[in-house]
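Per our numbering, the very first residue in the sequence shown carries number 47; after that it's consecutive.
Backbone N, C-alpha and C define an ideal beta-carbon position, used for all residues, glycine too.
This report refers to the structure that appears directly beneath it.
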Amino acid sequence: MKREGLILILSAPSGAGKTSLCRELFKTFPDMKESISFTTRSPRPGEVEGEAYYFVTNEMFDRMVAEDAFAEWAEVHGNKYGTALRTLEDARKNGIDLVLDIDCQGALRLKEQLDGGVYVFIMPPSMVELRRRLEHRSSDTQEVIELRIARAADEIREARWYDYIIFNDDFDVACRELAAIVIAHRRKTFRMLEKVGKMFDI
Ligand code: 5GP
């Protein structure tokens, strides 16, 4: 019996520290894979095709939507982002544990359709701290920062239907909490039976 891969869905408002948490997660669990999404946004400096994203035109994206190629997709900050159905299917059947960094709309669509995903919401310590991080970190205009804060408030209201919520006020604690969730789901009996079965192999 092949072990079923874990699908870990992470969402967070921008400024909550999800990128750093993800980086740490892949250090702790090097065998976990990042789901590469399709997007219509342009690559940022340093972003490589097929690493951060598959960068596609609007037409290409719409064609994929029409062909039901996406498990979920959503429009975020004026660009479209989607997770290919194929990415999830391949990971699941090959027993690969996959991490999806997707927004709340996409996560909700997945939750409605996909059995067995694990949904984790990363919270900033507070709205005051979120504002401080957004103002310090980027060259964004005040208008963009206000938009991000309003959007963050909307996203935080969505946290209630996630399976887990992690407050990222102490980074090391948050990393340990995320790792604990992964370990618990990796040790679910149905994911261990393949290994148990091998105990009887000679
Ligand atoms: P960025 O453009 O900064 O890389 O990502 C912007 C937002 O899009 C982030 O909140 C990220 O989680 C979300 N995102 C990235 N890929 C996907 C995807 O495949 N589906 C959905 N729904 N959101 C995504």
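Beta-bridge annotation (DSSP): Lys-126 is paired with Glu-121. No heavy atom of the ligand 5GP is found nearer than 8 Å to the CB of Gln-159.
For Glu-118 against Gly-152, the beta-carbon gap comes to about 4 Å, under 8 Å, which counts as contact.
Going by beta carbons, Ile-168 and Leu-156 fall outside the 9 Å limit. For the 9 Å CB-CB criterion, Tyr-127 and Phe-75 do not form a contact.
In the structure shown, Leu-193 adopts helical secondary structure according to DSSP, grouped into three states. Closest in C-alpha terms to Tyr-100, from the list Glu-113, Ala-130, Arg-109, comes Ala-130.
Cα atoms of Thr-235 and Leu-160: separation of roughly 20 Å, rounded to the nearest angstrom. Of all C-beta pairs linking the stretch 82-96 to the stretch 177-190, fewer than three are shorter than 8 Å, placing the two stretches out of contact. At least one heavy atom of the ligand 5GP lies closer than 8 Å to the C-beta of Arg-87.
Leu-52 is not a Cβ neighbour of Val-166, given a cutoff of 9 Å. The Cβ-Cβ distance between Ser-60 and Arg-197 falls below 9 Å.
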